[in-house]
Ligand code: 13P
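Residue numbers (this note's numbering): 153 to 431.
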């Protein structure tokens, strides 16, 4: 029970033929329900947040304290990960706050620049016994509103990137997007198979929400050991809020937050099971 390096948990997951859910954290209700869902299913989880998210909670240290509290309260195995850090300062503040893994996302830069800053961030992470994730190719979407300008990972770059950076797990771009898909999701599984044949580090899939489960299961079988989920659990939370607004008075917050809390728990359990019951 406790917080572990993320790559350690990912390797264990891969040896069992499953992937771990990496769930975005933005406030205490969702952090608590991620922990409860992990306890309920008996499967480790990854708590993760980008700087915009942990700053809404009062900083990386505030998030880290909250996560550590719930990990101990519910007796689970977990990792705490910086998602989409954009600066070396982000990496440093998370390492200092007790995260067990960090990502520096320089995936919009050209290869040499991405590799150089990733190598610098990896050194900082490793000095604190944290694992390090980088992204090669670019998974787009989110607030940019455009899902069309992803850059797929180029297999010919993978081995050199891993060698230069010392990255412990690699986020690949194989057709997912952050947020809602425009059009039919279609993962490039041949590309994933090629990448997986080149390196033996576990691979990460960003933009898990809305991706058909048969495609996710195929990706897990090919080497994806972590699936990032934000939109699907946030939408579940918002549906819970709508239900509360329709039926409950805002004057009793303790009751008002029961529907969103239940919605978060149910959705997180559903996703953990989807990723750990691979057919
Ligand atoms: P979704 O919002 O599509 O689930 O993506 C989340 C993500 O990849 C966070 O890094």
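By construction, the Cβ of each residue, glycine as well, lies at the ideal position given by its N, Cα and C atoms.
In this structure, the C-beta of residue 331 approaches the ligand 13P to less than 7 Å from one of its heavy atoms.
The C-beta distance from residue 171 to residue 427 rounds to 4 Å, short enough to fall under 8 Å. A distance criterion of 7 Å places the beta-carbon of residue 177 beyond contact range of the ligand 13P, judged by its closest non-hydrogen atom. Taking C-beta atoms as the reference points, residue 235 and residue 191 fail to come closer than 8 Å. Taking C-beta atoms as the reference points, residue 378 and residue 162 count as a pair closer than 8 Å.
Annotated as proximal: residue 395 and residue 411, with beta-carbon spacing under 8 Å. Rounded to whole angstroms, the gap between the alpha carbons of residue 221 and residue 229 is 13 Å. CA-CA distance, residue 287 to residue 253, rounds to 14 Å. In this structure, residue 214 keeps its C-beta atom at 8 Å or more from the C-beta atom of residue 157. DSSP places residue 255 within a strand segment (E or B) once states are collapsed to three. In this structure, residue 305 sits away from residue 270, with a CB-CB distance that is not shorter than 8 Å. Distances taken from the Cβ of residue 361 to the heavy atoms of the ligand 13P include one shorter than 7 Å.
The Cβ neighbour count for residue 403, taken over all protein chains shown within 10 Å, is under 16; the residue is labelled exposed.
By the Cβ rule, the region 330-342 counts as touching the region 352-365, because three or more pairs are nearer than 8 Å.
In chain order, 215 place their CB closer than 6 Å to the CB of residue 209, counting only its own chain and leaving out the 5 sequence neighbours on each side. For the set 273, 385 and 370, the Cα lying nearest the Cα of residue 283 is the one of 273. Excluding sequence positions up to five before and after residue 153, its CB lies within less than 8 Å of the CB of 223, 224, 227, 228 and 229, all in the same chain and listed in chain order.
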